[in-house]
Amino acid sequence: MRVLVIEDETRLAENIAEALRESAGFAVDCADNGKDGAMLAEFQHYDLILLDLMLPGLDGMGVVEYLRRKACSTPILVLTAVGSVATKIELINAGADDYLTKPFDLGELLARTKALIRRSRGAPQPTLAVHGLAVNTIEQTVRAGERYVDLSPTEYRILEYLMFRPRVIVSKQELLEHLYDFTWEHHSNVIEAHVSNLRRKLKEQSGSSVVETIRGRGYRLAQPEPGA
Amino acid sequence: MSGATMKKRSLTVRLVLTVVLAELACALVLGAITLLHQRHESYKAFDVMLQGHADTVIGALQDAEDPGDNLMLTPSELSLPREDAFLVVTPEGRQVGARNWQAGFPMPATPGWSNFKWNHHRYRELRIDSVKLIDAGVAGKGGGISRPVEVLYVAATGHVWHEVLEGVRYFLLASLVVLTLTALALAWFVRRSLEPLRGLAEEASRVTADRWEFTPAAEVMQTSELAPLASSIATLLGDLEAEFAARRRFVSDAAHELKTAVAVTKSSLQLLTLRPRTAEELTSAIARPLSDNDRMEALVMRMLTLGRVDEQAPGAMEVCDLCGIAKSSIEALLPLAELHGVRVEARCGGDADAIGARVAEDDAVILCTNLLSNAIEHSARDGQIVVEAVREQGMPVLRVIDHGEGIPAEALPHLFERFYRTDKSRSRRTGGSGLGLAICKGIVTQAGGTIEIASEAGRGTTVTVRLRA
Chain A
555 MRVLVIEDET RLAENIAEAL RESAGFAVDC ADNGKDGAML AEFQHYDLIL
605 LDLMLPGLDG MGVVEYLRRK ACSTPILVLT AVGSVATKIE LINAGADDYL
655 TKPFDLGELL ARTKALIRRS RGAPQPTLAV HGLAVNTIEQ TVRAGERYVD
705 LSPTEYRILE YLMFRPRVIV SKQELLEHLY DFTWEHHSNV IEAHVSNLRR
755 KLKEQSGSSV VETIRGRGYR LAQPEPGA
Chain B
406 MSGATMKKRS LTVRLVLTVV LAELACALVL GAITLLHQRH ESYKAFDVML
456 QGHADTVIGA LQDAEDPGDN LMLTPSELSL PREDAFLVVT PEGRQVGARN
506 WQAGFPMPAT PGWSNFKWNH HRYRELRIDS VKLIDAGVAG KGGGISRPVE
556 VLYVAATGHV WHEVLEGVRY FLLASLVVLT LTALALAWFV RRSLEPLRGL
606 AEEASRVTAD RWEFTPAAEV MQTSELAPLA SSIATLLGDL EAEFAARRRF
656 VSDAAHELKT AVAVTKSSLQ LLTLRPRTAE ELTSAIARPL SDNDRMEALV
706 MRMLTLGRVD EQAPGAMEVC DLCGIAKSSI EALLPLAELH GVRVEARCGG
756 DADAIGARVA EDDAVILCTN LLSNAIEHSA RDGQIVVEAV REQGMPVLRV
806 IDHGEGIPAE ALPHLFERFY RTDKSRSRRT GGSGLGLAIC KGIVTQAGGT
856 IEIASEAGRG TTVTVRLRA
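These protein sequence lines are chains A and B, in that order.
Going by our numbering, the first residue of the first sequence is number 555, and it counts up by one from there.
Going by our numbering, the first residue of the second sequence is number 406, and it counts up by one from there.
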C-alpha cells in the first residue's frame with residue numbers, strides 16, 4: 555500500500571511516515587504544501603492520503619475539493635488542530651473520508667488508515683481468506699491452517715495487494731507504484747523476484763498455485779476452484 | 406441586575422418635578438404678594454367707606470333739629486349699613502346719638518383710626534371730632550352757638566378679610582389647574598424628547614460579544630446632545646470588536662500552534678513504542694522528542710514574552726545603549742550566522758558614543774536578536790548583514806539591513822500579525838514561531854517608538870526601529 559502524507563510540519567510528517575513504514579509496511583511519500591500534495595495525489599495512485607488542514611498555499615479543504623473535482627477516489631484522512639464540528643462537517647461534505655484531531659494517537663492513526671484502505675477495497679473484514687490461506691492485515695501474517703507462512707515484508711505486501719484486488723490483473727508497474735515510495739529505485743525485475751519467491755512459499759504450504767502470472771500483463775490471484 | 410438593588414431615578418420625573426416645584430414656588434410668592442396687595446387695597450377702600458359713613462353721621466348731626474340744647478339723632482333716618490355702629494357724644498359725656506353701640510366697644514382718647522376685637526370679631530373704629538353749629542342764622546353772617554361733639558364709628562372688618570381670602574383662593578385654584586396642565590404637558594414633552602435616548606440605550610443593550618453591530622437611529626444622530634455619545638460608543642465598539650477579534654484569533658492560533666507542537670512530540674514518543682527496541686536504539690531515539698520539546702518550550706516562552714509585552718503599562722524606562730545591545734546581540738547569534746555562512750557587522754554612529762534609547766534593556770536585547778535572527782535566516786550563504794545603531798535628528802535609531810531574498814509586497818502589511826509567516830513551511834523548518842515580529846512590535850510600541858519594514862523581493866530587507874532618547 556502506498557500512502558501520501560501532506561503535512562507542513564515536517565517533523566510530524568516524518569514521524570507519521572516512519573510509523574506507517576515500520577508498523578504497516580506501507581510505502582509513504584510526503585509533501586509539505588497543499589499544491590505539491592494535490593499534484594502528487596492527482597498523478598500517482600495512492601491507496602490513502604493523510605492530509606493536514608492548515609497548509610501554506612492551497613489549504614487542506616482546497617486539496618480535498620481539488621482532488622474530488624478531478625474524480626480522484628483515493629480515501630482522504632484529514633489531520634488538524636482545529637476541532638470544531640462545523641469544520642469536520644464541511645470537510646466530510648467536501649469529500650474527506652475521516653478526521654483526526656491533533657494531537658492524535660499514532661495507533662489510532664494506523665488503525666484508521668488500515669480500515670479506510672480495507673473499506674475502499676470493498677473488504678471491510680481485517681482477515682482475508684483465499685485458497686485455504688488466512689491473511690491477517692492487522693498482524694500482517696499469513697496462515698495455512700494452523701501454520702504460519704514465513705513471508706518477507708515485500709512478499710506479504712504483494713500478497714495483500716493482490717488480495718485486495720481479486721480477479722483483477724495487476725501489472726508490475728502498478729505493484730511498483732503501490733509498494734514503493736519515491737525513495738526507492740524502480741526496477742521491475744525486483745518485483746519478479748519477489749513474486750516468484752512468494753509463489754513458491756505459498757505453493758509449499760497450500761499445495762495450489764495462488765498467484766498466477768499473466769504473460770505480458772501482470773499477476774492475478776488465482777480463481778478458487780469451484781467448491782473449494 | 407444592579408437595578409434590583411439600586412434605586413433608579415427617572416430623568417423625566419426629576420425634570421417634571423423640578424419645573425412643577427419651581428412653578429409652585431412662583432405661584433406661592435405671587436399668591437402672597439396678591440394677598441398683601443389685596444388686603445391693602447381692600448382696607449383702603451374700607452377706610453374710605455368708613456370715613457364716608459362717619460361723614461354721613463356728622464351731616465345728619467348738622468341737619469338735626471335741635472330744640473333747646475338737646476341734640477338728638479334719629480338713626481333710622483340715616484342710610485348706613487345695618488351692622489355698623491356709631492356713637493356721638495359731647496365732651497361732657499352726654500350721648501347725642503347712637504346705633505348698635507355695645508357697652509364693650511372702646512372709646513379712643515384721640516381722633517383717628519384704631520382696631521379692636523370684641524366678642525370674637527374684628528372691628529375698625531374711626532373717631533372724628535366735630536362741631537355742631539346751633540342756630541347758625543344766615544350763612545356767612547356768623548353768630549350762633551357751636552358745640553363740640555365726638556363721633557365714633559365702628560364697622561366689622563370680617564367681610565373685608567373674607568373678600569381678600571376669596572380672591573386669593575380663586576388665584577390659587579387657577580394656579581393649581583395651570584400647574585397640573587403644565588406638569589402633564591411637560592411630562593409628555595420630556596418623554597418625547599428623551600425618546601432618542603431610550604432608543605440609544607436599547608441599541609446599546611443589543612450589543613454582545615457575538616453581535617457588535619451598533620447603528621443608532623437617525624433621530625439619535627440628529628440630537629446634538631446624543632450624537633457625540635452615540636458616535637463615541639460606535640468608535641469604542643469598533644475598537645473593542647477589532648481587539649476582541651484579534652484576541653480570539655490569537656487564542657485560536659496559539660491553540661493551533663500548541664496542538665501541533667504537542668502532536669509532534671506525542672508522535673515522536675509513540676513512534677518509539679510501536680515495536681520493541683533495544684536500549685541503544687531508545688537512547689539515540691529519545692533525542693527526537695527532546696528536541697521537539699525544546700521547540701515547544703521556545704514557543705511557549707515566546708507566547709509568554711508577547712503576553713508580557715502586551716500587558717505592561719508603558720512606564721518610565723531606563724536608558725540603554727543601542728550600540729552595546731547591537732554588539733552583544735551579534736555576538737550571541739554568531740553561531741547561527743556561521744551556520745548560515747552569513748557575515749554580520751555592527752555599525753555605530755557617533756564617535757563610539759553610546760546611543761542612548763529609552764527602552765527596557767531585556768526588551769531591547771529581545772528586539773535586536775529577533776530582528777537579527779530573521780535577517781540571518783532570510784539571507785543567502787555569503788550574505789552580509791549590517792546592524793546599525795545611530796542617532797538621527799537626536800533620536801536613537803536601530804537598523805537591521807540584510808541583502809537576502811526580501812519579502813513579497815503582499816506580505817508586508819501582515820508582518821506584525823501574530824503567527825503570520827511569509828512562507829509557512831520554510832519558517833517551520835527553521836523553527837520560526839511567527840511571533841518574533843509581533844513581539845518586536847509590542848516592545849517598540851511599549852517604548853513609545855515606531856518600527857517599519859522596507860523590502861524589495863530579491864534585494865533585501867531593512868527594518869528601522871525609532872525609539873525615544
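Quick reminder that beta carbons are idealized off the backbone N, C-alpha and C, glycines included.
No experiment lies behind these values; they were computed from the predicted model shown.
- Query: If you compare alpha carbons, which of B:Thr461, B:Phe521, B:Ala814, B:Arg487 is closest to Val493 (chain B)?
  - Reply: Closest by C-alpha distance to Val493 (chain B), out of B:Thr461, B:Phe521, B:Ala814, B:Arg487, is B:Thr461.
- Span of the alpha helix (DSSP H) around Gly588 (chain A): Run containing Gly588 (chain A): 588–597, per the alpha helix (DSSP H) assignment.
- Item | C-beta neighbour in chain B for Glu572 (chain A), strict 8 Å | True, the Cβ-Cβ gap to chain B drops below 8 Å.
- Query: Comparing the C-beta of Val669 (chain B) with each C-beta of chain A, is any distance below 8 Å?
  - Reply: For Val669 (chain B), the nearest CB of chain A lies under 8 Å from its own CB, placing it at the interface with that chain.
- Item | Residues of its chain near Val684 (chain A), where Cβ-Cβ distance is below 8 Å and the 5 sequence neighbours each way are ignored | Apart from sequence neighbours up to five positions away, the residues of its chain that approach Val684 (chain A) with a beta-carbon distance below 8 Å are Met717, Pro720, Val764, Leu775, Pro778, ordered along the chain.
- Query: Leaving out five residues before and five after Thr564 (chain A) in sequence, what residues of the same chain have Cβ atoms less than 7 Å from its Cβ?
  - Reply: By the criterion of a C-beta distance shorter than 7 Å, Thr564 (chain A) is surrounded in its chain by Asp586, once the five residues flanking it on both sides are discounted.
- 8 Å Cβ cut-off: residues of chain A touching Arg680 (chain B): Correct list: Glu576, Ser577.
- Message: On a Cα-Cα basis, can you pick out the residue from B:Leu704, B:Arg763, B:Arg529 that is closest to His564 (chain B)?
- Response: The option with the nearest alpha carbon to His564 (chain B) is B:Arg529.
- Any chance you could list the alpha helix (DSSP H) runs of at least 4 consecutive residues sitting entirely within the stretch 534–614 of chain B, in chain order? The qualifying runs are 563–610.
- Query: Can you give, in chain order, each stretch of the beta strand (DSSP E) that sits fully within the stretch 477–522 of chain B and has at least 3 residues?
  - Reply: Along the length of the stretch 477–522 of chain B, whole beta strand (DSSP E) runs at least 3 residues long occupy 490–494, 500–504, reported in chain order.
- Per-residue contacts from Asp697 (chain B) into chain A (C-beta, under 8 Å): Contacts between Asp697 (chain B) and chain A, judged by CB atoms closer than 8 Å, involve Arg565 in chain order.
- Message: Determine, for Gly614 (chain A), whether the minimum Cβ-Cβ distance to residues of chain B falls below 8 Å.
- Response: With 8 Å as the cut-off, Gly614 (chain A) does not count as an interface residue toward chain B.
- Task: Would you mind working out which of B:Glu488, B:Met626, B:Leu584, B:Glu618 sits nearest Thr562 (chain B), comparing C-alpha positions?
- Result: The residue with the shortest Cα to Cα distance from Thr562 (chain B) is B:Glu488.
- Task: For Ser832 (chain B), count neighbouring Cβ atoms within 10 angstroms of its own Cβ and tell me buried if that reaches 16, exposed if not.
- Result: Caution is warranted here: a pLDDT of 48 is assigned to Ser832 (chain B), below 50, making its placement in the model unreliable, and the coordinate value is therefore given only provisionally. Buried, by the Cβ-count rule.
- Express the C-alpha separation of Leu429 (chain B) and Met406 (chain B) in angstroms, rounding to a whole number. Note that Met406 (chain B) scores a pLDDT of 44, beneath 50, so its modelled location is shaky and nothing firm can be said.
- Item | Leu676 (chain B): contacting residues in chain A (beta-carbon distance under 7 Å) | Identification of chain A residues near Leu676 (chain B) by a Cβ-Cβ cut-off of 7 Å yields Asn569, Glu572, Ala573, Leu660, ordered along the chain.
- Task: Give the secondary structure of Gly761 (chain B) by DSSP, where H, G and I count as helix, E and B as strand, and everything else as coil.
- Result: In the structure shown, Gly761 (chain B) sits in a strand (DSSP, three-state: E or B).
- Buried versus exposed, by CB contacts within 10 Å (16 or more), Asp562 (chain A): Residue environment: Asp562 (chain A) is assigned as buried (16 or more neighbouring CB atoms within 10 Å of its CB, all protein chains considered).
- Opening and closing residue of the alpha helix (DSSP H) in which Thr641 (chain A) lies: Per DSSP, Thr641 (chain A) belongs to the alpha helix (DSSP H) from 639–648.
- Query: Are the C-beta atoms of Ser672 (chain B) and some chain A residue less than 8 Å apart?
  - Reply: Chain A contact via Cβ: present.
- Look at Gly795 (chain B) and Val805 (chain B) and say whether their C-beta atoms are less than 8 Å apart. Going by the sequence as given, residue 795 (chain B) is Val instead of Gly. Going by C-beta atoms, Val795 (chain B) is not nearer than 8 Å to Val805 (chain B).
- Outcome for Ser830 (chain B) when other beta-carbon atoms lying within 10 angstroms are tallied against a minimum of 16: With a pLDDT of 44 at Ser830 (chain B), under the threshold of 50, the modelled position of that residue is not reliable, and the figure given next carries that caveat. With 16 or more other Cβ atoms within 10 Å, it is buried.
- Query: Leaving out five residues before and five after Val783 (chain A) in sequence, what residues of the same chain have Cβ atoms less than 8 Å from its Cβ?
  - Reply: Residue 783 (chain A) is absent from the model: chain A starts at 555 and stops at 782.
- Does the beta carbon of Lys412 (chain B) come closer than 8 Å to any beta carbon on chain A? At least 8 Å separates the CB of Lys412 (chain B) from every CB of chain A.
- Check whether the Cβ atoms of Phe491 (chain B) and Arg499 (chain B) lie closer than 8 Å to each other. Against a cut-off of 8 Å, the Cβ pair of Arg499 (chain B) and Phe491 (chain B) comes out as no contact.
- Message: Does the CB of Ala581 (chain A) have a neighbour CB from chain B at under 8 Å?
- Response: Chain B, which has no Cβ nearer than 8 Å to the Cβ of Ala581 (chain A), makes this no.
- Query: For Ser638 (chain A), which option in B:Gly754, B:His661, B:Gln507, B:Leu440 has the closest C-alpha, if you only look at C-alpha atoms?
  - Reply: The shortest C-alpha separation from Ser638 (chain A) is found at B:His661.
- Task: Just confirm the distance between the C-beta atoms of Leu599 (chain B) and Val424 (chain B), as a whole number of angstroms; I'd bet it's less than 8 Å.
- Result: With 8 Å as the limit, Leu599 (chain B) and Val424 (chain B) do not qualify as a contact, their Cβ atoms being about 14 Å apart.
- Query: For the stretch 805–823 of chain B, which residues have a CB atom closer than 9 Å to at least one CB atom of chain A, in sequence order?
  - Reply: Residues passing the 9 Å Cβ filter: none.
- Message: Bridge partners for Met800 (chain B) per DSSP, in chain order?
- Response: According to DSSP, which records beta bridges pairwise, Met800 (chain B) is partnered with B:Glu797.
- Three-way DSSP call (helix, strand, coil) for Asn524 (chain B) in this model: Here Asn524 (chain B) sits in coil by DSSP.
- Query: Since Ile630 (chain A) and Asp651 (chain A) are thought to touch, with beta carbons under 8 Å apart, how far apart are those beta carbons, to the nearest angstrom?
  - Reply: With a Cβ gap of about 5 Å, Ile630 (chain A) and Asp651 (chain A) count as contacting.
- By how many angstroms is the C-alpha of Asp658 (chain B) removed from the C-alpha of Glu607 (chain B)? Glu607 (chain B) and Asp658 (chain B): Cα-Cα distance of roughly 35 Å.
- Query: Of the residues B:Arg864, B:Ser447, B:Ala635, which one's Cα is nearest the Cα of Gly811 (chain B)?
  - Reply: The shortest C-alpha separation from Gly811 (chain B) is found at B:Arg864.
- To the nearest angstrom, how far is it from the Cα of Thr835 (chain B) to the Cα of Ser778 (chain B)? Since pLDDT at Thr835 (chain B) reaches only 49, below the 50 mark, its modelled position is unreliable, and no value is offered.
- Looking at Gln507 (chain B) and Trp518 (chain B), is the spacing between their C-beta atoms short of 8 Å? No, they are not a contact pair.
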